[in-house]
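Chains as they are written, first to last, in full-length UniProt numbering: chain L, 1 to 337; chain D, 1 to 309; chain G, 1 to 339; chain B, 1 to 329; chain X, 1 to 523.
Note that beta-carbon positions come from the ideal geometry of N, C-alpha and C, so glycine has one too.
Working notes, structure below.
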Amino acid sequence: MNDGSTTHQPLLSVRDLTKTFSVRHAGKTKTLRALDGVSLELHRGETLGLVGESGCGKSTLARTLLMLERPDSGSISFGGVDPHALSGKDLLDFRRRVQMVFQDPFASLNARMSAGAIISEPWRTHRSLYPSSRDRAARVRELLHLVGLRPSDAEKYPQEFSGGQRQRLGIARALALNPDLIVCDEPVSALDLSVQAQVLNLLNDLQQELGVAYLFISHDLSVVRHVADRVAVMYLGRVVEGGATEPTFDEPLHPYTSALMSAAPSLDRAGKREQIILEGEIPSPINPPSGCRFRTRCWRATEECATVTPPLVHDDAAPGHTAECFHPLQPAAAAAS
Amino acid sequence: MLYFLRRRSLTSLLPLLFVLVGVFVLARLTGDPTSLYLPESATAEQRRAFAASHGFDDPVWKQLLHYLQGIPHLDFGTSLRTGQTAASMALRAFPNTLQLAFATMLISVVVAVVLGSWAAYRPNSLADRISSLLSMTAGSVPDFWFAIMGVWIFAVILGVLPTSGTDNGLLSWVLPVVTLCVRPIGVLTQVVRGAMVSALSAPYVRLARSKGATDVRLVTHHALRNAAAPALTVAGDLAVGLINGAVVVETIFGWPGIGKLMIDSILQRDFAVLQACVLLTALSIFVLNILIDLGYALLDARVRETVKA
Amino acid sequence: MTATSLDLDGATRPRGDVALDVENLSVDIRTPFGTVRAVDSVSFTARRGETVALLGESGCGKSLTATSIVGLVDPVVDIADGAIRLDGEDLIGMSPKRRRAAAGPELAIVFQDALTALNPVYTVGTQLAEPFRIHRGLSRKEARAEAIRLMERVGIPEPESRVDSYPHQFSGGMRQRLLIAIAVALSPAVLLADEPTTALDVTVQAQIMKLLRDLREERDMAVVLITHDLALVAEQADRVVVMYAGNVVESGPVDAVFSTPKHPYTKGLLESVPVAAERGADLKSIGGAPPELSAIPSACVYQDRCPLVRDICRTDRPPLREVAEDHAAACHFSEEVSR
Amino acid sequence: MTTMIDPTDGVAPETGATPPPRSGRLSMWRLLLRDRMATVALVVLVLIVLSTVGGSLILGDKSNDQDLARGAIAPFSLDHGWLYVLGSDKLGRSMIARMVVGGRTTLAVAVPAVLISLVIGSLIGMWAGYHRGWRETVAMRVADVIMSFPSLLMAVVVLYVFSPSASMIVVVLAITRIPIYLRTARAESAELQSRTFVDAARTFGTRPTAIIRRHVFPIVLPTLLTVATLDFCYVMLAESSLSFLGIGIQPPGVSWGLMVSQGRQYLQTAWWLSFFPGLAIVVTAVCSTLLASWVRIATDPSQRWRLTVPRKAAARRRRQAPIVEGEVS
Amino acid sequence: MSAAPNLESARNRPRSVAFGLLAVGLALTGSACGVSSSSTSSDFGDTVRIVLPEEPPSLEPCDSSNTGDGVVERSNITEPLTELDLATGELHPLLATEWKKTTPTTYTYTLRSGVKFSDGSAFDAEDAAFSIDRTVNNTELGCFVAGYVFGDEKVQVKAVDATTLTVSTAEPDPILPLRLSFVEMVPSEMSTTEKVREPIGTGPYEIKKWDAGQKLTLAANPKYWGDQPAYKTATYVWRSEGSVRAAMVKEGEADLATQIGPDDGAGDLEVQFPDDQTAALRIQGYIPPLNDMRVRQAINYAIDREGLVKSLFNSDTTIAEQLIPEGITGFNDSLKPWPTDVAKAKQLIAEAKADGVPTSTPIRLVGRSAQFPKIEEIIQVIQKELTEIGLNVKIEMVDTKGSTELQQRPFPKNPGPYLLMIQHGNQAGDAAFSVDQYMLSNGFQSAFGTPELDAMIKSAEKQEGDARQAAFEKVFAYEPTHVGQFAYIAHMTGMMAIASGVDYKPNVNTENEMHLAEMTPKK
């Protein structure tokens, strides 16, 4: 798989994406910076894991990529074009190529529609895809089979399925338009452990089979570690660290990534380990700290962290592994570029 | 607070203006009242003079402009029927309706809170079913029918209450207030019950229960205040609707309130009085809405923050 | 930041007295479609100073067990059978008055959803003071002082100024601290924590779990941790009770259960955790889905998903039997379950 | 959420129980039959509709048959034939026949008024709620304008201008009730438009009208129908009030409200003239309220268990003393 | 997070708001109780309590021919120079002791001396001249009396001395004294630009307190020139429901209730009395098919007046045969009511139809709601009867405004054929007031007429004495057979409820002016 080198044009490229919301807070209108200069790249057939705690902006990023939100600034390039500049047929074509799997398999399926209707709903907009009803019926059966459901399930309603089966339905719906990229927003976090494994396996198999790329958003480090080729760690609207999965998780540069890894409970009871317990909570994105976002909770913070945005540093040992930090945990070089 | 008042004013006074202009134009469409105010045998010249002296010969927009110009000077015109200023007639009638409405709402709220809480305390119990059926019935009784049946039974047959009027002290209040109470009690009891049922099954009540709080404390201390907001909303709507009821009740009981005055003014094409009444009613609804918003703030700190700002 | 050493060696600590003893607890739910048994003959004990985890997936009956213990079940729920003893006293047969007296000083619960569990219309100070007002009859002023002390203890900064704030003015983690503060206000013998960190971020979860741990030590409480998170159990609990479809399928010390599971369900769960598998490779997953409550098999509850299933599993329900010291499993073939 | 067929929510969620099997899903009919009061209400309503609509075909002429010699016959006597069981009015017309025809008029005003306001209000409401922004603001302001003045007075003014007729009453009542549906539909629609399955539809490029039609409308509908059932009661009372005040149905037309009004002057000599039509209004209104309240619970998954749960084992539960059952008896 | 003091205030403010609200509420209820207790039933015996259908709009004396005002005001608060006895049609002296025609166009009045207004000032010829001038010649006030009894006529008044007054008209006016009997005397200080709500008069009572909307109290005028009345005070309240008014007398809440109906339940407290009102159906006889005499006659034949009067009117009501009741100058006592003959009516319609008259055209039958008791029922009966003879009749109940539009000229354009229920009251006592309005071909409330009838009316109006009587009798005899604009229904009677403790004999004038001085407590 792709190791992050940019020999050919990436499928998706995000540059300096910024998105703010106006919120009413204590009676005044304030600006909430959900995304503050996010840059990402994603290649065909690759899985990019996006990790972060609640409020870090990862869902906003997903919604912006799917054009459910319009960014304030920055650019998105999908296959070389900015979808936000599209309209009409071109826009519809973009809609076809990028799909989403949602976190909540209960809420993301309309309980009043049968499984068949749910899966074929996209074709009611993209009519040219499967023009005849026989084609559509056949394709529904095919998709159900693909995600491990029975063709007869097309008649059933979402509430007649278990949580895992519903998520399979959601995946089938996302596949209905034969997309190039599927944004998976916490696709397994609402599922029980035993079912979660089934769905992760399914996603893995589909990627092998169809070559689809995933943007895999999760707060569960073990899941991301399992599925992602590369990861990006977000904190307060910024990507603070990114790179191939193993070096990023095993030898993190950024103290936040390290704390995150440490805080996650582990099954492994064999040895006692030092647990880093951060103080305080994530500051509000309405009024984020100056300089380094993480400095208020960081044990390595110094005065300079409060004034200037930290530089991008590269991991000496692993190419493509970068972080924004004045005091990286591993030996690292400041960005050359 | 100031911001809040300004916002409320903008959002509420605009509809008020709409209503006023709408009523003005509609009232003019009912035609020139000259023939009602002059004797059958009045001559054409007398009619023209009458119309001219009251401006009925002007086009409607001109009359409206003239009327609106008078408002800042608190000039709301003069009654054709009585020759008094429209404002004084409306202001004299208004307190009578207000007293009626206040007594009604006070009684309704107290009864509804007690009944509703009691029913919600044990959902599906016999008490709940009975009080639900009663409150639904109460919400479905036409007030005019209730009123005349009340008069018939209590004043005519039994002779224990006066038929009408305001001359018999508190006894005069019984039938009008009871009539007006019926629907609010019915509706409000159901709302309080519903709100209390959900409040009583809310997690914070379970938490309070896990602290060892008694049931009485759970109802009065934890659930009631949370259930108050929806009840307040409905109580506000009911208070506005009381004006509807007042029209009927005041007509039947000869209560000299604003509802009766408005109906009479419409019948008599006494436009100035009608408009003064409309203005006063709309204004009081505006004030009522502000009071309700303050009530929300009183109940809930989250609302208070938006009001305070 | 603080770096603390996780004490994962609970089994070696001296055990206190049995504070909570649940015996053959069975709970029914009346539904439109008939009565279903949601909790079936569940037994476990919790001693002072130890953490017992009730582990299971959604719908396995662990939360219902907890709410049955504290007596906060919905009207459609009936306790059908069994005994719940708090320091030897049966809770089910208790008078409501005695029950109320026990709620707080002897038995307390921390709820999962801190936002809705706190009453939005009262200040947190009022709510924190309530246990003292109810059980100790303290004056408003004294109770308020206690509330401030509590807030300080659970790590809420500037308690004097925040005591008059409302719940919505606190963050999720702070609200969870407040809930814990209310629960431990009167130093109960038994503290039930129902998924106390599920809604929280991992960094905050770590803080909350440390707080719970510290309070357990400090007040010598028995903590019953209800969770679906295996890793959390591994880190926090001394003993674990694994539930499936309303039944206890395995129980014992965490070390023993997690290292040598004696029930195929426990084993399947452990293998489903992604870290166990290589990236990109398939995870070992349990096929199928848990049964509906109304369709729980009469014999072995796990028969439909069990890789070891045999004829006897479809006819006889395996009893929960001791397979090692203090380690029990409900499987006909527990010896065959191995890593 | 208003989904009516999600059995997972059928059991109170706190119990954490898994859903009961779908095979046992109850049809609305069976659910209805379990609630005796709601069943009775429905039966009565159906009877009222049948007898007023069907009955006026048979009794339509009789309702205007005058016979001054048979004026003011007291009710509950078969001496003059079954048509006079409920007595006659001053002109000797059968009360039964007039009640039937009056009922038809009342229904013929209330039903179209409710339907018109339902359709207009919910369409605008769903549209405004889905799009939010200025559309929502404008729609809500319009609703405010209508709501900011007592509806009955507005109707009085309007009916005076345009002379009272049945169709005018329908229009006036419909307009004054539009905000009810508008607000309900807007609130639900605004909530639904932020739901994930709507987001999902957006990601396919589905147009707003299609989303409203496909995803919003079917979900909002039960709520709106509940409101409409309740509102039917209100509109009927409003029509009656207008007729009572003399600006509703005009004689020789007859409606229940008008009959109460006309009978008022005979209260001392012929009480039945006002009593029976008033009673008919109450019965119809109570039944529609009962039915509405049942529909509200039946379509609300978090409430529905109340209708279906068998009541038993109270003694045992009391010891557990869940708050809603309470131990104070 | 805000600092502590802010939080304090946040907590306390709502509480104080709550107290404020409660206080306002209590104050309101408090004042409410004050209102109601202030006017509890006063000492019986000294007070007569009267309940009217509506509140007097104002007591402006120059509007007193308006029944709602006059019934309270006339001869109670203010008095005219002379008083008309409707039963006999004669004028009696009141504030004038004598009057005579001194020239063809001038009348000279001699005023009663020693009369004082209730404010203590003396009444003299200046006041009388002022009152007449204010009522008749003032255009600004738009006096009801001017329009009602004087029309376009203007008068010159002159106070010759303190007790002598002359009134002149441009043309000779044989009934000028009759007209002048409608002018109430007021002090010359009264406003000539604005109507006065609470006037000063010379009557036996003065206004004591008027709680607008609630109650009007009159007290005996201590300076009254005549005998003091039996009741020291009189209170008026008003209820629109006849049954409520009746019940109030029955329950002892009032002593007298006016305008009640036969089914209002006053029982043996009901008192009937002759009235000046006549109910009739006016036929818009210039619009087909009503322009055919046969159709108009058929309508007359179809109505069963006897049945109507027996079951729906007050029991003393009589069937009408002409527009005015007995007692009015010009009443023709030889006329007989139109007979009921359904067969004949059907035949007439059939004939008309055969001649091409569009008898199936829908005809509007218009009645004014609450014009008199049971009008709705009466209209419904008539509709039924007219339908039976083959006409297509639709009922329309309208309000006052709606009926005046159809009743008075100019009539609406293209209204379609309509029949209008009218109730005409001649309180002036002379047929001229009726026929001028209702029978001239261009009369203000007349749909059509004939030149012959117009001529008969014009000449009758110029006559005096017996000649006048005879001339008008001819008019009334001529109209039904040659014009047929009306289907007369009934000469109405009034009905009131009088408590057993009050002695009062209502008369034909009672509905226009109810003299409190004639009421006495029964021993």
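Exercise for the section: Pick out the complete beta strand (DSSP E) segments inside the region 258 to 336 of chain L, 3 residues or longer, and give them in chain order. Expected result: 274 to 277, 312 to 315, 322 to 324 and 332 to 334
Handout entry: the region 253 to 269 of chain G / the region 15 to 34 of chain L touching (three or more Cβ pairs under 8 angstroms)
Key = no
Practice task
Look up X/P80 in the DSSP assignment and give the residues it is bridged to.
Solution key: X/E184
Exercise for the section: Pull up the distance between the alpha-carbon of G/E146 and that of G/T67, whole angstroms please. Expected result: 27 angstroms
Handout entry: Euclidean distance between Cα positions of L/P265 and G/L232
Key = 6 angstroms
Practice task
Take D/F154 and list the residues in its own chain whose beta-carbon comes closer than 7 angstroms to its own, dropping the five residues that flank it on each side.
Solution key: V160, L161 and L175
Practice task
Could you name the residues of chain G that D/G212 contacts, counting a contact when the two beta carbons are closer than 7 angstroms?
Solution key: R100, A101, A103, G104, I134 and H135
Exercise for the section: Determine which residues share a DSSP beta bridge with X/T493 and list them. Expected result: X/P274
Practice task
Would you verify that the beta carbon of D/T142 is, or is not, closer than 7 angstroms to some beta carbon of chain X?
Solution key: Looking at the sequence shown, residue 142 of chain D is not Thr but Pro. Not closer than 7 angstroms to any Cβ of chain X, the Cβ of D/P142 fails to qualify, so no.
Exercise for the section: Could you tell me which chain G residues have their CB closer than 7 angstroms to the CB of D/L299, listed as they occur along the chain? Expected result: V121
Practice task
Within the region 293 to 335 of chain X, note down every full alpha helix (DSSP H) run reaching 4 residues or more, in order along the chain.
Solution key: 293 to 302 and 305 to 312
Practice task
Would you kindly report the start and end of the unbroken beta strand (DSSP E) that includes L/G39?
Solution key: The sequence shown places Ser at residue 39 of chain L, rather than the Gly named in the question. Residues K28 to L42.
Handout entry: Three-way DSSP call (helix, strand, coil) for B/P112 in this model
Key = helix
Practice task
Sort B/H80, B/Q250, B/G246 and B/R70 by Cα distance to X/L312 and report the nearest one.
Solution key: B/R70
Exercise for the section: Since I believe B/V227 is in contact with B/I180 (beta carbons under 8 angstroms), could you give me their beta-carbon distance rounded to a whole number of angstroms? Expected result: 6 angstroms
Exercise for the section: Verify the CB distance criterion: does D/V156 have a CB-CB separation below 7 angstroms to chain X? Expected result: yes
Exercise for the section: For chain G, find out if any of its Cβ atoms is closer than 7 angstroms to the Cβ of D/R206; answer yes or no. Expected result: yes
Practice task
Please decide whether B/F149 counts as near chain D, where near means a Cβ-Cβ distance under 7 angstroms.
Solution key: yes
Practice task
Taking 8 angstroms as the threshold, find out whether the region 38 to 49 of chain G comes into contact with the region 240 to 251 of chain G through three or more Cβ pairs.
Solution key: yes
Problem - Distance CB(X/N138)-CB(X/T192) smaller than 7 angstroms - result: yes
Practice task
Going by DSSP, name the residue or residues bridged to L/G242.
Solution key: L/A232 and L/T322
Practice task
Starting from the C-beta of L/P276, find all residues in its chain whose C-beta is less than 6 angstroms away, skip the five residues before and the five after it, and write them out in chain order.
Solution key: According to the sequence as given, residue 276 of chain L is Ile; it is not Pro. Counting only Cβ-Cβ distances below 6 angstroms, and skipping sequence neighbours, we find A259 and S262.
Handout entry: Beta-bridge pairing of G/F44 - partner residues as DSSP gives them
Key = G/V22
Exercise for the section: Please classify D/W255: does DSSP put it in a helix, a strand, or coil? Expected result: coil
Exercise for the section: For the region 292 to 300 of chain X and the region 248 to 258 of chain X, state whether three or more C-beta atom pairs, one from each stretch, are separated by less than 8 angstroms. Expected result: no
Practice task
For L/R33, collect the residues of the same chain with a Cβ closer than 7 angstroms to its Cβ; drop the 5 residues on either side in sequence, then sort them by chain order.
Solution key: T20, G237, P285 and P288
Exercise for the section: Compute the distance between the beta-carbons of D/A195 and D/A235, then report whether it is under 7 angstroms. Expected result: no
Practice task
Would you identify the three-state DSSP class for B/V282, choosing helix, strand or coil?
Solution key: helix
Exercise for the section: Quickly, what does DSSP pair L/M100 with across the bridge? List them, please. Expected result: L/V183
Handout entry: Cβ pair X/G70, X/N512 closer than 7 angstroms
Key = yes
Practice task
Could you give the DSSP three-state label for X/Y215: helix, strand or coil?
Solution key: The sequence given here has Lys at residue 215 of chain X, not Tyr. Reduced to three states, the DSSP call for X/K215 is strand.
Practice task
Taking only beta-carbon positions, decide if X/S434 is within less than 7 angstroms of chain D.
Solution key: no
Handout entry: Interface flag, D/R183 vs chain G, CB-CB below 7 angstroms
Key = no
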